[in-house]
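J.:
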Amino acid sequence: MSLKVTPKIAIFFANEGDELSQSVDLAALVPRFSRAKNVSCCEVLPGGGAGKNREDIIAKYQQGMFNRILWVGRFSPEQRRNWESDLAAAGLNPYLQEWCDLREQGIYHEKDLRELQTQKAMILIQMSLARTRLLEPLEPLCLPGTDAVLVVGGGTAGLHAVAALAQAKKKVYLIEQQSAVGGKVAELGRLYPRICDPHCGLDFIIQKIRKTKSVEIHTLSRVVAVEGGPGNFFVRVLKAPRYVDEERCNACGECRKVCPVVLPEETSGPYGCQHAPETVCESTFRKCAISPPWPLNFPTAYVIARPLCPPHCRKCEKACPSAAVLLDQPPTELTFRVGAMLVTTGWDPYALAKVEEYGYGRYPNVISNLEMEQQDALPGEIREVGFIQCAGSRDERHLDYCSAVCCSVTLKQVLALKEKNPAVRCYIFYQDIRTPGLGEELYQRVKALEGVLFIRANPAVVRPRQDGRLALRVEDTFSGKELDLSVDLLVLAGGLIPSEGTSEIADVLKLPRNAEGFFESHLPCHSEESQRTGIRVGGTSRGPMGIDRAIETAQQAALDVLPFLQETIEVTPTVPVLNLSKCDKCKRCMEECPFGSFLFDAEGFSQVDLGRCRQCGGCMGTCPLLAVSRRHSTIEQLAAQVRAVKPSFLAREEPVLLAFLCANDAYPAVRRAAELGLSIPLNVFHITVPCIGAVNNALIADALAFGSDGVLIAGCRDGQCHYIKGNQLIKTRGDDLKAKLQSMIMDPRRVRLTNLEIRDSRAYVELIHSYLKELKEMGPNPFRA
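Positions 3 to 787 (my numbering) are the ones given, in order, by the sequence shown.
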């Protein structure tokens, strides 16, 4: 809340090493600002504020000589932080300090320009002073929270995330759609490079989870609704009946012996089972209506596919020695209160039947690489095996992306096959072999095997022969020769797509997805992000990747949710505030927020969920009535800076440019330009904003109305915005801006939008020089005094 006190501002010029006095006339600036409104003291600090100066400043504050500070000079981020910390310890709120760095605004040691630089410095200090008068003391906001977390997806990524969170002493709820955990990894045969059984690694992590009492596992369950926000999500979960009591069942298998239902071997799904456990003592591992959990024995309780049971049959119920069978068990609905959510919903194989030319689903000896994983051994009559890479991947008809792991999987399968059957001949049909990093060793190892032939092309023809083998015709693109080959078995390296569970949870949680259907995130900087505060994503729900990377991403996501798992969640106070007296309920703030941070209140007004809000200011930029303002970067504060620009300090024919800079990329690029000594013209004034999406059209109109000849809006490049779509949002407001400029009879070329990366310093300097030249050719702004 704002303190109702008159601003008493201290201006301190940091003249360390006489840097300022060599660039501007401090003897003129100090008395000028000593008389400025609300300024209580104005001093030069020869040592930059170190030593005794620091003690004196703190003493003057404690004596009540000022209640705000405007620092003028060059300060590193570390120096700013230290000053804010030291003065905060003395009682000065950190949000009551303002920084005016003259050097990053283009003021250097130019003797010939000293007078003009002094005039520009005066304007820059006036801009900062106007903002300082409007600063408010802010304190962190506290929201109620809980240390519980919900993980959706019990594959290897989800299990490692659960173990990490449990180790951090957090309460964890694991939600899995299948009847057991394990995911796709539990279906694999061997893992490279140790050629070990994946169940070994899964059992290892499961044993860690078993040792903790802070984990609840809910299988046959799915999230159906979520309310609330970070720190206080209320998650509704629908749990299908297992028809078996998980606590009573000891997996003895007596129920299976009496079940009259016999299922085809290919049956799978949440109730299906492809490999009966060793605890089942039967002469044949037939599949029936009651079976071990799938895909792994955790939890160990059996599961019944109740729709497959014959009418009135209760044989399993009578046979169970533990009275664990519950044939009348109803579905249940559970609600969990959690501080954060982590989604690791994994992948599904691409439907290879769509790749019609290879005959998958029509020819019994054409199988997928996932099915190949489940082959313990091939029949002895199989002597030649073909492996087709990129079956449906890197193909505009199917998946246009590389699925990342297929080449390594094929090479591992060839290696395992040759170790079991050295006489088997293997053909690997490929576009490119992609085994980055340490995977190169696997490629070289397989390439050196006798009886393994790499052919750079995929078969154009696959057809069955009368003897049951497959005839292949392929043109080797290296030799240019057409080859006719025969194989006993053809293995298709199918692509990875987002799982069905990924699609479902995305709809429930309103999680944005990319063009390929995987969860959207800012990969270079915030790869675990989901664009929903308090919800993180990991593993292959983010995109194709290997097991090791899936585990790493899930553990990173688990680490990233820890700040939300507290009894009290602290929120930075620079949040947007709505003035309901101005609001007309247009809902544009709600529609354009990339993080879904706005809700309806009881009267139909937009209301900010402070836990979800990322504080980018996009809502402030989009509001046509200026009813939204982000604290510490308010519309009023920005407008005060804009109106303080006085273009008249230059000759009328010299244009003045006001540039709004994104704090994440454009501003660092400009700051680096100053550090490199690049020529930033005196004609340019910079204002930094949290995100370019925060620049309201009214600020642009103000800049032109108060005489600036041009306005440059510099944001991140497309797809690189730290707030997802700040630069896109400002583009969507183009029609409104065009209408406003037309009403002002203003040439639309006087406003320009550009995209910069953090190291585009030279590109920025070149841009402003060329833009100033264009503005000069246009002539002065008609509103310029």
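Idealized CB from N, CA, C, for every residue including glycine.
Classify Gln64 as buried or exposed, calling it buried when 16 or more other Cβ atoms lie within 10 Å of its own Cβ.
T.: exposed
J.: Which residues in the same chain as Ala703 place their Cβ atom closer than 7 Å to its Cβ, once the five residues preceding and following it in sequence are excluded?
T.: Lys742 and Met746
J.: Residues in the same chain with beta-carbon distance under 7 Å from Arg616, minus the five sequence neighbours each way, listed in chain order, please.
T.: Thr535, Phe597 and Tyr725
J.: Quick check on the DSSP output: what are the complete beta strand (DSSP E) runs of length 3 or more inside the stretch 444-524, in order along the chain?
T.: 454-458, 463-466, 472-477, 484-489, 491-496 and 498-500
J.: How many Å lie between Leu145 and Gln568 at the Cα?
T.: 10 Å
J.: Residues in the same chain with beta-carbon distance under 8 Å from Ala473, minus the five sequence neighbours each way, listed in chain order, please.
T.: Within its own chain, the residues whose Cβ lies closer than 8 Å to the Cβ of Ala473, once the five positions on either side in sequence are excluded, are Val463, Val464, Arg465, Pro466, Arg467, Asp486, Leu487 and Ser488, listed in chain order.
J.: Judging by CA-CA distance, which residue of Ala159, Pro351 and Val246 is the nearest neighbour of Ser324?
T.: When Ala159, Pro351 and Val246 are compared, the shortest CA-CA separation from Ser324 is found for Val246.
J.: How is Tyr429 classed by DSSP in three states: helix, strand or coil?
T.: strand
J.: Is Gly147 near Asn234, with beta carbons less than 8 Å apart?
T.: By the CB criterion at 8 Å, Gly147 and Asn234 fall inside the cutoff.
J.: Kindly give me the distance between the Cβ atoms of Cys318 and Ile292, rounded to whole angstroms, as I take these residues to be in contact under 8 Å.
T.: 5 Å
J.: Hey, Asn783 and Leu684 are a contact pair by Cβ (cut 8 Å); roughly how many whole angstroms apart?
T.: Contact between Asn783 and Leu684 fails: their C-beta atoms lie close to 17 Å from each other, not under 8 Å.
J.: Just how far apart, CA to CA, sit Ala182 and Leu222?
T.: 8 Å
J.: Suppose contacts are defined by Cβ-Cβ distances below 8 Å. Is Val772 in contact with Arg674 by that definition?
T.: A quick correction: the sequence has Ser, not Val, at residue 772. At least 8 Å separates the beta-carbon of Ser772 from that of Arg674.
J.: Give the secondary structure of Ser143 by DSSP, where H, G and I count as helix, E and B as strand, and everything else as coil.
T.: Inspection of the sequence shows that residue 143 is occupied by Leu rather than by Ser. Strand at Leu143.
J.: Between Gly231, Val26 and Ala676, which has its C-alpha nearest Leu601's C-alpha?
T.: Comparing Cα-Cα distances from Leu601 to each of Gly231, Val26 and Ala676, the minimum goes to Gly231.
J.: Return the residue from the list Arg258, Ser599 and Leu72 that minimises the CA-CA distance to Cys43.
T.: Leu72
J.: Please go through the same chain and pick out, in chain order, the residues whose beta-carbon is closer than 7 Å to the beta-carbon of Leu774, but skip the five residues on each side of it.
T.: Pro657, Leu659, Pro683 and Asn685
J.: Is Leu492 buried or exposed, if buried means 16 or more other CB atoms sit within 10 Å of its CB?
T.: buried
J.: What whole-angstrom Cβ distance do Ile369 and Cys409 have, given they're in contact under 8 Å?
T.: Contact flag wrong, Cβ pair sits at about 18 Å.
J.: Where does Leu612 land, buried or exposed, given buried means 16+ other C-beta within 10 angstroms?
T.: buried
J.: Tell me which residues share the same chain as Thr8 and place their Cβ nearer than 6 Å to its Cβ, disregarding the 5 neighbours each side in the sequence.
T.: none
J.: Taking all protein chains shown into account, do 16 or more other C-beta atoms lie within 10 angstroms of the C-beta of Arg790, making it buried, or fewer, making it exposed?
T.: This structure does not reach residue 790, given that the chain is present from 3 up to 787, and the question cannot be answered.
J.: Determine the closest residue to Arg250 out of Ile207, Leu328 and Glu358, with distance taken between C-alpha atoms.
T.: Comparing Cα positions, the closest option is Leu328.
J.: Using the three-state DSSP reduction, which class does Leu701 fall into: helix, strand or coil?
T.: For Leu701, the secondary structure class from DSSP, reduced to helix, strand or coil, is helix.
J.: Report back the beta-carbon spacing between Val74 and Leu98 to the nearest angstrom; my notes put them in contact at under 8 Å.
T.: Going by Cβ atoms, the distance from Val74 to Leu98 rounds to 16 Å, so no, they are not a contact pair.
J.: Please go through the stretch 195-268 and give each complete alpha helix (DSSP H) segment of 4 or more residues, from N-terminal end onward.
T.: Those alpha helix (DSSP H) runs which fall completely within the stretch 195-268 and span 4+ residues are 200-212 and 256-260.
J.: So, helix, strand or coil for Thr347, using DSSP?
T.: Note: Thr347 maps to coil in three-state DSSP.
J.: State yes or no: is the C-beta of Ala188 within less than 8 Å of the C-beta of Pro297?
T.: yes
J.: How many whole angstroms separate the CB atoms of Leu167 and Ala560, which I take to be in contact at a CB cut-off of 8 Å?
T.: 5 Å
J.: I believe Leu513 touches Ser532 by the beta-carbon criterion, under 8 Å. Please report the beta-carbon distance rounded to the nearest angstrom.
T.: 5 Å
J.: For a test of the three-state rule: what should DSSP assign to Gly798, helix, strand or coil?
T.: With the chain covering 3 to 787 only, the question about residue 798 has no answer from this structure.
J.: If we ignore side chains and look at the alpha-carbon of each, how far apart do Phe431 and Val454 end up?
T.: 11 Å
J.: What do you reckon, are the CB atoms on Lys789 and Leu640 nearer than 8 Å?
T.: The requested residue 789 does not occur in the structure, where the chain is confined to residues 3 to 787.
J.: Which residues bound the beta strand (DSSP E) around Ala716?
T.: Gly712 to Gly717
J.: In or out: Ser78 buried (at least 16 other Cβ within 10 Å) or exposed?
T.: exposed
J.: In terms of residue numbering, what span does the alpha helix (DSSP H) encompassing Ser130 cover?
T.: In this chain, the alpha helix (DSSP H) harbouring Ser130 covers Arg116 to Arg135.
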